[in-house]
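Numbering (this note's numbering), first residue to last: 78 to 328.
Quick reminder that beta carbons are idealized off the backbone N, C-alpha and C, glycines included.
Please read these numbers as outputs of a predicted model, since none were measured by experiment.
Written below as structure tokens is the structure these notes are about.
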Amino acid sequence: MNFLEYKKMYQLEESNWWYTGRRNLIIKAVGKFQDESGDKTLQILDAGCGTGINLRYLNAYGKACGLDISKEALRFSGIRGSSTLICGSLDKLPLKSKQFDLVVALDVIEHIQDDQTAVLELNRILRPGGCLIATVPAFPFLWSNHDIAVHHKRRYNRSELCNILRLGGFSIKRATYWNFFLFLPVAAMRMLKRSATCGQENKTDLVELPSPLNKIMHGLLQIENSILEWLDLPFGISVMCVCRKVCEGHR
């Protein structure tokens, strides 16, 4: 993405409904893994940390390190106060093997041309039994100018993501769609925009909403996140997967 998109992300991701909803979902999963592992000082990597807002929350569970291929993104992460930052790509991580207990890869795997190599690299840097929490955009038919603007290579079905993760040495603990309630309006909007903006400049969908509408959207995602504590959802705008590194000799 260009500098202006990173600047917009930096300005909006602390309060924007989509970012806050996803953050709430992920932090719950992180807390559950910490409880299961019994380790109060997890070594955590935010792979594809963007402008760094999640590092602030992840540090509550141990020591969090941020990695991104964009120096602009890392500069914004530094402005937020993050000090442990690394420039690198998921398909060739400049990190030691078996270094982390937990990796979060939020909407980043879809940016990598060779996503299978990226998953293998994420497996390599995790300790045996370590956890990967990943989100990706769902359903190829939702492809739009937004995907082009943010340099996505693909969108995934849940089964496709699970297959890639299994081939990469992970066992799936949880795989669900997310952003279920807004699926139909978002799908309709993207299809309309795709036909209406043919030949025009590609722009992301990230915009600042009026505060009342932002609160409503945030509330819908909070309800959905509560439902996800009990069951998986059959479709949505994103896929969220929680998996564990398979110990050597148990594949």
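Item	Value
Return helix, strand or coil for Val180, following the three-state DSSP convention.	strand
Assuming Leu197 and Ala124 make a contact with CB atoms under 8 Å, what is their CB distance in whole Å?	Actually they do not touch by this definition, with Cβ atoms about 13 Å apart.
When you compare the CB positions of Lys270 and Asn222, do they come within less than 8 Å of one another, or not?	yes
Have a look at Arg328 and Leu244 and give me their C-alpha separation to the nearest angstrom.	Since pLDDT at Arg328 reaches only 46, below the 50 mark, its modelled position is unreliable, and the value read off the structure follows with that caveat. Taking the straight line from one Cα to the other gives about 10 Å.
In the DSSP assignment, what are the bridge partners of Asp123?	Gly143 and Val181
If I measure Cβ to Cβ from Val263 and keep anything under 8 Å in the same chain, skipping five residues before and after, which residues do I get?	Leu219, Asn256 and Ile314
Taking Cβ to Cβ, would you say Arg232 is nearer than 8 Å to Pro214?	yes
Answer yes if the stretch 99-119 comes into contact with the stretch 128-138, meaning at least three C-beta pairs across the two stretches below 8 Å, and no otherwise.	yes
Under the DSSP definition of a beta bridge, which residues are partnered with Tyr254?	Val316
Give me the Cβ distance between Val180 and Leu203, rounded to the nearest whole Å; I'm assuming they're in contact under 8 Å.	6 Å
List the endpoints of the continuous beta strand (DSSP E) containing Arg201.	Element bounds for Arg201: not the beta strand (DSSP E) but the alpha helix (DSSP H), Asp192 to Ile202.
What is the residue span of the alpha helix (DSSP H) that Cys239 lies within?	Arg235 to Leu244
With a 10 Å radius around its C-beta and 16 neighbouring C-beta atoms as the bar for buried, classify Gly326 as buried or exposed.	Unreliable positioning characterises Gly326 in this predicted model, as indicated by a pLDDT of 49, which lies under 50. A coordinate reading is not provided.
Below 6 Å CB to CB, which residues in the same chain sit around Ala106 once its five sequence neighbours on both sides are set aside?	Ile210 and Val319
To the nearest angstrom, report how far apart Ile300 and Thr194 are at their CA atoms.	35 Å
Rounded to the nearest angstrom, what separates Leu89 and Tyr134 at their Cα positions?	16 Å
Taking the beta strand (DSSP E) that Leu162 falls in, what are its first and last residues?	Leu162 to Cys164
Could you check the C-alpha separation between His188 and His228 for me, to the nearest Å?	6 Å
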